[in-house]
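Remarks on the structure that follows.
Residue numbers (our numbering): 521 to 687.
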C-alpha cells in the first residue's frame, strides 16, 4: 500500500515508497485521522529475514515519510505463518484489536486499505470498510479473483492517494 510490492522485502535496500504515498498519508494526517500500518511478515518465521529487519523497514519508512511531513501513528505486524493458528495474521482481527485498545479507534468508522483481498476481508471481519487498491498486487487480485470473493470491497481505488480522497 505504501511501498512498491517486491514479494518478501528481505533487505532494507529493496524498500521503495510509492511517490504518492507521503502525500496521501499527509492528507489523512491533516484530516486528523490516525494512520496505522498492519502487515503480515511471515518471512520472519520462515527464516527469510530477521525480525529486526521489519523494525528497520518501519524506521526507514517513518523517516522517509516524515521528511515529506507525513506520519504513521502506529505499526503492527504479525510474523506468523498461516499454519501457526494465531489471531493476528490478516485477515484475522488480532492486530486491529490491539490498535483499538491502544489508540481508541472506532472500527465501524475506519477503513482498511490494501492491495490484497486479505485487507478487505480484515476490514469486513472487524466491522470496518475495505478499500482495494489497484497498485501492487491489487489489479491482478481484483481482475482475476474477485468473482470468488464472498463480499466485494466497499471501494476500489487506483492507489493510496485515490483511497485517501475516498476516506
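C-beta: ideal position from N, C-alpha, C; glycine also.
- Our two residues, residue 641 and residue 615, have alpha carbons roughly 14 Å apart in a direct line.
- Non-local beta-carbon contacts of residue 639 in its own chain, meaning distances under 7 Å to residues more than five positions away in sequence, involve 610, 632, 633, 650 in chain order.
- The shortest C-alpha to C-alpha distance from residue 530 to any of 567, 541, 537 is the one to 567.
- Spanning the alpha carbons of residue 660 and residue 623 requires a straight line of approximately 33 Å.
- Beta-bridge pairing by DSSP links residue 657 to no other residue.
- By the Cβ neighbour-count rule, residue 602 is exposed, with fewer than 16 other Cβ atoms within 10 Å of its own.
- The shortest CA-to-CA distance from residue 687 to any of 548, 535, 532 is the one to 548.
- For residue 534, the closest alpha carbon among the candidates 551, 578, 652 is that of 578.
- In the DSSP assignment, residue 644 falls within the unbroken alpha helix (DSSP H) covering 637 to 645.
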